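Chains as they are written, first to last, in my numbering: chain H, 1 to 342; chain S, 1 to 322. We put the beta carbon where it would ideally sit given N, CA and C, even for glycine. All values derive from a computational prediction rather than experimental measurement.
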């Protein structure tokens, strides 16, 4: 166990799997960088945020492949390579760019196994950066995990800690289904303990980051950190908050969520995705459909508004869920009584 | 040029099988026995077969919505194809893909694809596998004139050229993208020249002439096997029937197809060439014709009689594990 950043943990998982299995390849824009420039053949990037720095030297450019800016061909090539025996990890630099290559995700990789009658495997991982907080504007800041979660055939993974980043990415690369691995750009510098050596975290098993009895908070990705902060603050007032990080939205650990809601009777969902048809709505719906009798208060959703992400830094902060907004939601569910008839 | 007579007879058998298969499908669709949409390959047989006779089972093809001909050309089992088209148990995709999604990885067939322009990036990925694993295998994407306008095709050309992949862009210019003619929808551009602009050899050939296609694709495949990178071939042929079977074809002069059948039937051209220039006995071709005819009759009947997938199949194979 050592303290590492989220970014280092991702590198470690990729490196571990590249060393373990020669079928694993990486492809994307500037995963090495520097080809064709006037400085000669140098490693100019190693990935936009340096995650794959040094990989070309260790694994060779045959397995660490710089592509042109062609998202459909990047994901499509990963799909074709996966069907024919490789285990590609494709990088779609920002999640917003999913818009450019959605067909290869929605109609191709997600459906191959089903429409080919189960006669193929599709071991593709798409690594992509989600999330606001950088002032990166409407086309570099979105959290589109719910959109992808609604596509049968895909698995969608949202690590919130360095340890999970390593363990979930290792699992993703060994998985025989397409996995969308959503890395939150604001978490890249976060540190935490990361197990040494081989480390896998299974999909569909929530992590309960705080134990509590009064209120359940279900939070995704970076929102887990905010929820933890609120739980720690309220603990000093004697308010006992349970925080659940589902880790993966598809598959979703419904049992852990329902078990907690049965216990606390009060639910707050925090997500950086849209308030409509998003994970907050999905979890609220889950509680309403499966645990209504246990609810002592209406479910509170803490999400951004139904708007694009503004580039304006102070408006972006206003747009984002915050510890204050989460705390208010917790106090609301604690104060509210659910009106019941009959 | 001399050709191996065994190869030529095999090619004839595949072309005849496609013709017979598609004509039968046409009648069956008209009788209402086939579920979903069916897009027929009649008129383009020499392209699929001329191209695929250069390939091995370990080479890959990405196909289109008009994929029956590509499947037969690449060696897929006709009985299993029919089971699939009829959405029955034992079909190539266990009855869940249907006409527009037939795939057979054992034969290097990466799937018909109901998204126009969907398959070329996938074929590029198969070419990437060949290169990464250091084989001398290749991958080929069939691309219609309609698909040639899709951005995915431009991206695939770029990627294949930049990574110098063993890839063949097999364009099939059949004169129509759905209900719109090439003289309008290509915007005046020339498909082969477009491919050439990406830095690869691109040839134009008569797609109703088996030998022209076979030779041009042969050059492209040889180049790819030697590690010299991608090539494109644009083959011109005619779509004898509608975009899908049932299309009223209002966009076509009523005599157009009659003229095409009389002047450029790839089957007549090929069988004439075989008997006149390549020493093949007409009787031998007639025997193949009869054999194919019986085979298709038997397999269509078997497909119609086969059991349907059970309700369990609705839920299976969404994931490997979940």
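Tell me, to the nearest whole angstrom, how far the beta carbon of residue i is from that of residue j; I am working on the premise that it is less than 8 Å.
i                      : j                      : result
residue 83 of chain H  : residue 120 of chain H : 6 Å
residue 74 of chain S  : residue 92 of chain S  : Incorrect: roughly 12 Å between the Cβ atoms, too far for contact.
residue 316 of chain H : residue 247 of chain H : In fact, because the Cβ distance is near 26 Å, the residues do not count as touching under 8 Å.
residue 46 of chain S  : residue 207 of chain S : 6 Å
residue 119 of chain S : residue 105 of chain S : At roughly 14 Å, the Cβ-Cβ gap does not stay under 8 Å, so residue 119 of chain S and residue 105 of chain S are not in contact.
residue 200 of chain H : residue 170 of chain H : 5 Å
residue 74 of chain H  : residue 56 of chain H  : Residue 74 of chain H to residue 56 of chain H, Cβ: 17 Å. No contact.
residue 186 of chain H : residue 222 of chain H : 6 Å
residue 222 of chain S : residue 200 of chain S : At roughly 14 Å, the Cβ-Cβ gap does not stay under 8 Å, so residue 222 of chain S and residue 200 of chain S are not in contact.
Can you pull the chain S residues whose beta carbon is under 9 Å from the beta carbon of residue i, in chain order?
i                      : result
residue 207 of chain H : Going along chain S, no residue has its Cβ under 9 Å from residue 207 of chain H, so there is no contact; the nearest lies around 19 Å.
Listing by chain order, which chain H residues have their CB less than 7 Å from the CB of residue i?
i                      : result
residue 155 of chain S : 70, 72, 73
residue 387 of chain S : The question about residue 387 of chain S has no answer, for chain S in this structure spans 1 to 322.
residue 317 of chain S : 113, 114, 117, 118
residue 118 of chain S : 103, 107, 108
residue 78 of chain S  : Neighbours of residue 78 of chain S on chain H: none; closest Cβ ~17 Å, over 7 Å.
So, is the C-beta of residue i closer than 8 Å to a C-beta in chain S?
i                      : result
residue 86 of chain H  : yes
residue 63 of chain H  : yes
residue 170 of chain H : no
residue 96 of chain H  : no
residue 103 of chain H : yes
residue 341 of chain H : Per-residue confidence for residue 341 of chain H stands at a pLDDT of 47, beneath the threshold of 50, marking its modelled position as unreliable; the derived number appears in the next sentence. No, its Cβ sits nowhere closer than 8 Å to a Cβ of chain S.
residue 366 of chain H : The requested residue 366 of chain H is not part of the displayed model; chain H covers only 1 to 342.
residue 78 of chain H  : yes
residue 107 of chain H : yes
residue 3 of chain H   : no
Measure the C-alpha to C-alpha separation of residue i and residue j and round it to an integer number of angstroms.
i                      : j                      : result
residue 5 of chain H   : residue 188 of chain H : 7 Å
residue 276 of chain H : residue 181 of chain H : 22 Å
residue 229 of chain S : residue 139 of chain S : 11 Å
residue 88 of chain S  : residue 303 of chain S : 7 Å
residue 290 of chain S : residue 20 of chain H  : 55 Å
residue 161 of chain S : residue 122 of chain S : 15 Å
residue 27 of chain H  : residue 63 of chain H  : 8 Å
residue 373 of chain H : residue 25 of chain S  : Only positions 1 to 342 of chain H appear in this structure, which leaves residue 373 of chain H out of reach.
residue 330 of chain H : residue 142 of chain H : 25 Å
residue 179 of chain S : residue 76 of chain H  : 28 Å
residue 34 of chain S  : residue 85 of chain S  : 7 Å
residue 342 of chain H : residue 192 of chain H : Residue placement at residue 342 of chain H is flagged as unreliable, the pLDDT there being 42, under the threshold of 50; a coordinate-derived value is accordingly withheld.
residue 176 of chain H : residue 260 of chain H : 31 Å
Find the residues of chain H that neighbour residue i, judging by a C-beta separation of less than 8 Å, and give them in chain order.
i                      : result
residue 93 of chain S  : 115, 116, 117, 119
residue 2 of chain S   : Under the 8 Å cutoff, chain H gives no residues; its nearest Cβ is about 34 Å from residue 2 of chain S.
residue 151 of chain S : 72
Would you say residue i faces chain H, with C-beta separation under 8 Å as the test?
i                      : result
residue 8 of chain S   : no
residue 111 of chain S : yes
residue 162 of chain S : yes
residue 105 of chain S : yes
residue 168 of chain S : no
residue 310 of chain S : no
residue 97 of chain S  : yes
residue 121 of chain S : yes
residue 143 of chain S : no
residue 115 of chain S : yes
residue 70 of chain S  : no
residue 60 of chain S  : yes
residue 243 of chain S : no
residue 65 of chain S  : no
residue 101 of chain S : yes
Residue i touches chain H at which residues, Cβ-Cβ below 9 Å?
i                      : result
residue 135 of chain S : Near residue 135 of chain S there are no residues of chain H at all, since even the closest Cβ is about 10 Å away, more than 9 Å.
residue 320 of chain S : 113, 118, 121, 122, 123, 175, 176, 177
Would you mind telling me which residues of chain S sit closer than 7 Å to residue i, beta carbon to beta carbon, in chain order?
i                      : result
residue 152 of chain H : 318
residue 25 of chain H  : 132
Specify the secondary structure class of residue i as computed by DSSP and reduced to three states.
i                      : result
residue 278 of chain S : coil
residue 167 of chain S : strand
residue 50 of chain H  : coil
residue 213 of chain H : coil
residue 136 of chain H : coil
residue 157 of chain H : strand
residue 105 of chain S : helix
residue 53 of chain S  : coil
residue 323 of chain S : This structure cannot settle anything about residue 323 of chain S, because the visible part of chain S is limited to 1 through 322.
residue 66 of chain H  : strand
residue 71 of chain S  : helix
Along chain S, in chain order, which residues have C-beta atoms closer than 8 Å to that of residue i?
i                     : result
residue 33 of chain H : Neighbours of residue 33 of chain H on chain S: none; closest Cβ ~14 Å, over 8 Å.
residue 81 of chain H : 125, 126, 128, 129, 132
residue 67 of chain H : 159, 162, 163
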